[in-house]
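Here is the structure we will look at.
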Ligand SMILES: [Fe+2]
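Residue numbers (the numbering used here): 137 to 451.
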């Protein structure tokens, strides 16, 4: 190394490797330092609203199949992804037809946008209809059969999370969730109860949190993923806040509603999948005349478990 090429700071050092490795394992080692290891800049998570995907799924000419909300190219993700750890899809199932899926996920969350049908999973059967939510263990083949009319489902998995660690789906009976079904009429009753009882100012919203016997201790449906049916009364707004979890929402009823995400307005559109990136400052506003309803999936479980939720109000 000449005086001219000698680095003046460790930040200028290239990646180092053993000069004389004795084994293949030693030859595999690479060495960085505090000056040059942290210059990998991942692209930001887009605060996207997926509108074309639900329009396509709901179009009568669309055949049975899956339509992913995939921004893997923008995220530089090796697998289809909506956010770094999760993937949302719309599933179209024509009347009388069956859609088979096999996801490498620890669990699968489904909302029924329209239609009625049946899904078999691990010797149990779910008879679903519009407005239901259900959760299936990951791994294995699931068959969704639509009855007399076309069905459209919203399906969220943590496939990118498993892919990140090169993990496989759990074997049958080893998933962190059992089969769970939240019928639409029960969801409505539970939300009515929240409003009938009311809440104090210290409770930040009127969301129905979905959990199960499998995940009772942490009030989730999966160790990482939380599911909530959130609501917002006409004229109401949720205070600006931030948290380390991302939020992915399916807009069920959102006429006259919008969000402000890092100062930018995002108008809501029915059946859109909308992403609120982690740590962004965001607020939700209902200027319509109906109660807004939106199903929210968050990867909050991972931050809760690592004691790093990072929730704060920003007003
Ligand atoms: Fe939030």
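The beta carbon of each residue, even a glycine, is placed where N, CA and C say it ideally should be.
Note that the structure is predicted; figures quoted are calculated from it, not measured.
query                                                                                                                                                    : result
Distance check for residue 146 and residue 404, CA to CA, integer angstroms please.                                                                      : 49 Å
Distance check for residue 175 and residue 247, CA to CA, integer angstroms please.                                                                      : 40 Å
Could you compute how far the alpha carbon of residue 427 sits from the alpha carbon of residue 385?                                                     : 16 Å
Three-state secondary structure (DSSP) at residue 339?                                                                                                   : coil
Would you mind listing the beta strand (DSSP E) stretches within the stretch 301–364 that are 3+ residues and don't spill past its ends, in chain order? : 316–318, 344–346
Report whether the distance from the Cβ of residue 374 to the nearest heavy atom of ligand 1 is below 8 Å.                                               : yes
Among 156, 188, 162, 142, whose alpha-carbon lies nearest the alpha-carbon of residue 409?                                                               : 188
Based on Cα-Cα distance, which residue from 257, 268, 241 lies nearest to residue 250?                                                                   : 268
Am I right that residue 273 and residue 296 are in contact with their C-beta atoms under 8 Å? What's the rounded C-beta distance?                        : Their Cβ separation, rounded to whole angstroms, is 18 Å, which puts residue 273 and residue 296 out of contact at 8 Å.
Closer than 8 Å to a non-hydrogen atom of ligand 1 - does that hold for the CB of residue 282?                                                           : no
Give the range of the alpha helix (DSSP H) segment to which residue 189 is assigned.                                                                     : 188–194
Cβ of residue 436 within 9 Å of Cβ of residue 381?                                                                                                       : yes
Could you pull out every unbroken beta strand (DSSP E) segment of at least 3 residues lying fully inside the stretch 194–266, listed in chain order?     : 201–204, 223–229, 234–237, 243–250, 252–257, 260–265
How many Å lie between residue 314 and residue 349 at the Cα?                                                                                            : 8 Å
At the level of alpha carbons, what is the spacing between residue 143 and residue 210?                                                                  : 34 Å
Excluding sequence positions up to five away, which residues of its chain have a Cβ less than 6 Å from the Cβ of residue 422?                            : 368, 370, 372, 393, 428
Secondary structure at residue 487, three-state DSSP: helix, strand or coil?                                                                             : Nothing can be reported for residue 487: it is not among the residues displayed for the chain, which extend from 137 to 451.
Please report the distance separating the alpha-carbon of residue 278 from that of residue 254.                                                          : 10 Å
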